[in-house]
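One line per chain: the protein sequences are D and F, in this order. Counting with our numbering, you get residues 27 to 268 for the letters of the first sequence. Counting with our numbering, you get residues 27 to 268 for the letters of the second sequence. Cβ atoms here follow ideal geometry from the backbone N, Cα and C, with glycine treated the same way. The structure presented is a predicted model; accordingly, all values stated were derived computationally and were not measured.
2 protein chains.
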Amino acid sequence: MTFSYDGSKYNGYQKQPKVKTIQGELEKALKVINSEEKVEVSASGRTDAKVHALKQKAHFDLTKKMPPDGLRKALNSLLPPDIYIKDMEIVSDDFHARYNVRAKEYVYRINMGEYDPIEKDYIYQYNKRLDTVEMERALKYIEGTHDFKSFSKTDDEKDDFVRTIVQTSLIRDIKNVNMVTISFLGTGFLRYMVRNLVGTLIEIGEGKRKSEDVIDIIEAKDRRKAGKTANPEGLYLKDVFY
Amino acid sequence: MTFSYDGSKYNGYQKQPKVKTIQGELEKALKVINSEEKVEVSASGRTDAKVHALKQKAHFDLTKKMPPDGLRKALNSLLPPDIYIKDMEIVSDDFHARYNVRAKEYVYRINMGEYDPIEKDYIYQYNKRLDTVEMERALKYIEGTHDFKSFSKTDDEKDDFVRTIVQTSLIRDIKNVNMVTISFLGTGFLRYMVRNLVGTLIEIGEGKRKSEDVIDIIEAKDRRKAGKTANPEGLYLKDVFY
Numbered sequence: 027m028t029f030s031y032d033g034s035k036y037n038g039y040q041k042q043p044k045v046k047t048i049q050g051e052l053e054k055a056l057k058v059i060n061s062e063e064k065v066e067v068s069a070s071g072r073t074d075a076k077v078h079a080l081k082q083k084a085h086f087d088l089t090k091k092m093p094p095d096g097l098r099k100a101l102n103s104l105l106p107p108d109i110y111i112k113d114m115e116i117v118s119d120d121f122h123a124r125y126n127v128r129a130k131e132y133v134y135r136i137n138m139g140e141y142d143p144i145e146k147d148y149i150y151q152y153n154k155r156l157d158t159v160e161m162e163r164a165l166k167y168i169e170g171t172h173d174f175k176s177f178s179k180t181d182d183e184k185d186d187f188v189r190t191i192v193q194t195s196l197i198r199d200i201k202n203v204n205m206v207t208i209s210f211l212g213t214g215f216l217r218y219m220v221r222n223l224v225g226t227l228i229e230i231g232e233g234k235r236k237s238e239d240v241i242d243i244i245e246a247k248d249r250r251k252a253g254k255t256a257n258p259e260g261l262y263l264k265d266v267f268y
Numbered sequence: 027m028t029f030s031y032d033g034s035k036y037n038g039y040q041k042q043p044k045v046k047t048i049q050g051e052l053e054k055a056l057k058v059i060n061s062e063e064k065v066e067v068s069a070s071g072r073t074d075a076k077v078h079a080l081k082q083k084a085h086f087d088l089t090k091k092m093p094p095d096g097l098r099k100a101l102n103s104l105l106p107p108d109i110y111i112k113d114m115e116i117v118s119d120d121f122h123a124r125y126n127v128r129a130k131e132y133v134y135r136i137n138m139g140e141y142d143p144i145e146k147d148y149i150y151q152y153n154k155r156l157d158t159v160e161m162e163r164a165l166k167y168i169e170g171t172h173d174f175k176s177f178s179k180t181d182d183e184k185d186d187f188v189r190t191i192v193q194t195s196l197i198r199d200i201k202n203v204n205m206v207t208i209s210f211l212g213t214g215f216l217r218y219m220v221r222n223l224v225g226t227l228i229e230i231g232e233g234k235r236k237s238e239d240v241i242d243i244i245e246a247k248d249r250r251k252a253g254k255t256a257n258p259e260g261l262y263l264k265d266v267f268y
């Protein structure tokens with residue numbers, strides 16, 4: 027299934043006891059449909075607290091037989107209004123929503139203009155001008171296959187931090203010069219990677235670092251060399267490709 | 027002062043006992059600044075529950091002497107993040123934020139495309155195509171000075187329902203064909219008037235009524251002749267002119 031959600035009221039995608047999560051809501055609704063038999067939902071990956079998704083993907087097995095679009099409608103009627111199932115289809119038994127991912131696209135929205143209370147949960151309110159041309163230059167150093175350990179979660183104990191960023195772009199809003207969207211298309215992402223990249227890009231946009239500093243930061247393989255983790259509310263999982 | 031707010035978590039602008047209102051939050055914060063002495067805030071007019079404002083205006087008297095921008099910052103630091111003071115200036119003693127209004131602009135946003143959970147509190151999710159050309163024609167019959175009793179709140183016991191709509195427009199989003207914004211500039215508005223006009227326009231867009239039916243609806247001076255009251259979440263008080 028393909029689904030979108032407003033992450034602002036959730037403790038992230040992944041199920042946790044006692045707190046509201048996207049996976050928790052999905053499994054609760056599917057259990058009702060599946061005659062109270064537990065359903066486990068496997069998504070393309072987790073999203074952190076307050077992060078949104080435009081086209082997240084997941085698979086699950088259902089005991090109950092139902093036509094996909096009927097299931098989609100039933101599920102939407104049970105889900106809270108900030109989660110919406112856009113599409114549902116039957117996949118082969120060997121399909122896995124996480125293991126079969128070929129690429130993912132994330133976008134990050136920044137408001138360089140005045141604080142906007144209406145968008146506070148949907149755009150990072152930076153509220154100052156940034157040198158977006160220098161940020162755009164830095165993006166070119168991020169593209170390609172690199173060891174992204176410097177941009178990973180501090181205590182991440184992975185062995186392999188090598189990931190490939192296929193394409194990046196910095197898009198200026200045609201109607202609002204203060205609104206900028208940074209897009210990352212990659213075959214895989216580490217936890218906090220996009221937000222750590224954006225945090226570093228912001229420091230470049232502030233003039234605290236140069237675009238070519240990205241080369242050294244990547245080289246260092248040291249989280250302390252990169253910038254701060256950017257706020258979650260500007261981040262959207264835009265699409266997942268198989 | 028000029029201020030914007032996300033109305034989705036509020037019971038409207040106007041102060042009421044025991045519920046969260048914009049005026050209530052403003053007066054609570056101003057009282058702290060004014061050394062616990064009560065401050066009464068007079069806005070250009072109320073907005074209903076869940077309705078937003080981009081540039082609402084209000085005046086008040088403060089015992090405490092403070093430079094306007096310092097007051098603006100102090101107030102923003104005390105207000106919840108869904109209310110934001112954009113501008114503050116000293117006005118003459120005879121200025122009144124309600125009585126001196128020359129015109130107001132409201133906009134109403136409709137999503138004719140797929141349900142969007144991220145925008146559920148910020149755009150009316152109609153989620154079906156509308157005949158926007160016919161709606162645009164109907165807008166032309168709304169412009170001018172008319173008795174708008176048919177578009178007023180059912181039990182409104184005013185004597186005078188005559189208002190002037192100076193200009194209207196229907197704006198299609200350049201990036202999203204399914205997003206439409208209807209704008210109303212008028213010297214005054216009755217309670218629920220914009221939402222009742224939009225509800226009627228939607229029925230015209232659905233083909234249930236013709237654009238020229240607006241002439242008869244106005245003529246009837248009967249609330250039952252007009253369409254339903256459109257949902258509050260699509261409505262924004264865009265600006266107030268003095």
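For residue j and residue i, believed in contact at Cβ under 8 Å, the rounded distance
{"i": "Arg-217 (chain D)", "j": "Ser-178 (chain D)", "result": "7 Å"}
{"i": "Tyr-110 (chain D)", "j": "Tyr-141 (chain F)", "result": "5 Å"}
{"i": "Lys-57 (chain F)", "j": "Lys-64 (chain F)", "result": "6 Å"}
{"i": "Ala-84 (chain F)", "j": "Ala-69 (chain F)", "result": "4 Å"}
{"i": "Val-33 (chain F)", "j": "Thr-73 (chain F)", "result": "In the sequence as presented, Val is not what sits at residue 33 (chain F); that position holds Gly. The Cβ separation is near 6 Å, so the contact holds."}
{"i": "Thr-226 (chain F)", "j": "Gly-253 (chain F)", "result": "4 Å"}
{"i": "Tyr-132 (chain D)", "j": "Phe-215 (chain D)", "result": "7 Å"}
{"i": "Glu-53 (chain F)", "j": "Lys-41 (chain F)", "result": "7 Å"}
{"i": "Ser-30 (chain F)", "j": "Ile-144 (chain D)", "result": "7 Å"}
{"i": "Tyr-268 (chain D)", "j": "Asn-126 (chain D)", "result": "5 Å"}
Simplified DSSP assignment, three categories, for residue i
{"i": "Ser-70 (chain D)", "result": "coil"}
{"i": "Lys-236 (chain D)", "result": "coil"}
{"i": "Val-220 (chain D)", "result": "helix"}
{"i": "Val-159 (chain D)", "result": "helix"}
{"i": "Asp-269 (chain D)", "result": "Not covered by the structure: residue 269 (chain D). The range shown for chain D is 27 to 268."}
{"i": "Pro-164 (chain D)", "result": "The displayed chain sequence assigns Ala, not Pro, to residue 164 (chain D). Here Ala-164 (chain D) sits in helix by DSSP."}
{"i": "Arg-198 (chain D)", "result": "strand"}
{"i": "Ala-84 (chain D)", "result": "strand"}
{"i": "Ala-100 (chain D)", "result": "helix"}
{"i": "Glu-226 (chain D)", "result": "Here residue 226 (chain D) turns out to be Thr, not Glu, going by the sequence shown. In the structure shown, Thr-226 (chain D) sits in a helix (DSSP, three-state: H, G or I)."}
{"i": "Ile-191 (chain D)", "result": "strand"}
{"i": "Ala-123 (chain D)", "result": "coil"}
{"i": "Ala-75 (chain D)", "result": "coil"}
Where the beta strand (DSSP E) through residue i begins and ends
{"i": "Gly-212 (chain F)", "result": "205-212"}
{"i": "Glu-131 (chain F)", "result": "129-137"}
{"i": "Asp-113 (chain D)", "result": "109-113"}
{"i": "Asp-265 (chain F)", "result": "261-267"}
{"i": "Gly-253 (chain D)", "result": "Careful: Gly-253 (chain D) lies outside any beta strand (DSSP E) and carries neither H nor E."}
{"i": "Asp-142 (chain F)", "result": "That residue, Asp-142 (chain F), is in no beta strand (DSSP E); it is neither H nor E in DSSP."}
{"i": "Asp-173 (chain D)", "result": "170-173"}
Delimiting residues of the alpha helix (DSSP H) encompassing residue i
{"i": "Val-58 (chain F)", "result": "48-59"}
{"i": "Lys-35 (chain F)", "result": "It is not in any alpha helix (DSSP H) - Lys-35 (chain F) carries neither H nor E in the DSSP assignment."}
Close Cβ partners of residue i (< 7 Å) along its chain, the five nearest in sequence each way excluded
{"i": "Gly-212 (chain D)", "result": "Ala-129, Lys-130, Arg-189, Thr-190, Ile-191, Val-192"}
{"i": "Thr-171 (chain D)", "result": "Val-188, Thr-190"}
{"i": "Asp-95 (chain F)", "result": "Met-114"}
{"i": "Val-224 (chain D)", "result": "Tyr-134, Ile-208, Ala-256"}
{"i": "Asp-182 (chain D)", "result": "Leu-216, Arg-217"}
{"i": "Arg-163 (chain F)", "result": "Ser-237"}
Beta-carbon proximity list for residue i, same chain, < 8 Å, skipping 5 on both sides
{"i": "Ile-197 (chain D)", "result": "Val-206, Thr-207, Ile-208, Ser-209"}
{"i": "Asp-157 (chain D)", "result": "Ile-230, Gly-231, Glu-232, Gly-233"}
{"i": "Arg-124 (chain D)", "result": "Ser-68, Ala-69, Ser-70, Gly-71"}
{"i": "Lys-251 (chain D)", "result": "Ser-176, Asp-242, Ile-243"}
{"i": "Lys-44 (chain F)", "result": "none"}
{"i": "Asn-153 (chain D)", "result": "Asn-137, Met-138, Gly-139, Glu-140, Tyr-141"}
{"i": "Asp-248 (chain D)", "result": "Lys-175, Ser-176"}
Contact test: residue i Cβ vs the ligand GTP heavy atom, cutoff 7 Å
{"i": "Ile-111 (chain F)", "result": "Ligands in the displayed structure: none, and consequently the ligand GTP is not present."}
Where residue i meets chain A, residues with beta-carbon distance less than 8 Å
{"i": "Ser-30 (chain F)", "result": "This model lacks chain A altogether; the protein chains it does include are D and F."}
Sequence-distant residues of its chain with Cβ nearer than 6 Å to residue i (five each side left out)
{"i": "Gln-49 (chain F)", "result": "Tyr-39, Gln-40, Lys-41, Val-67"}
{"i": "Ala-246 (chain D)", "result": "Ser-176"}
field: Contact list for the stretch 32-50 of chain D against chain F, Cβ threshold 8 Å
entry: Within the stretch 32-50 of chain D, Asp-32 place their CB atoms closer than 8 Å to a CB of chain F, listed in sequence order.
task: Below 7 Å between beta carbons is the criterion; list the residues of the stretch 102-130 of chain F that meet it against any residue of chain D, in chain order.
output: Pro-107, Asp-108, Ile-109, Tyr-110, Lys-112
field: Interfacial residues, the stretch 183-211 of chain F to chain D, with Cβ spacing under 8 Å
entry: Residues Ile-200, Lys-201.
task: Below 8 Å between beta carbons is the criterion; list the residues of the stretch 144-155 of chain D that meet it against any residue of chain F, in chain order.
output: Ile-144, Lys-146, Tyr-148
message: Give me the subset of the stretch 59-83 of chain F whose CB atoms are less than 8 Å from a CB atom of chain D, sorted by chain position.
response: In summary, the residues of the stretch 59-83 of chain F whose CB is separated from some CB of chain D by less than 8 Å are His-78, Leu-80, in the order they occur in the chain.
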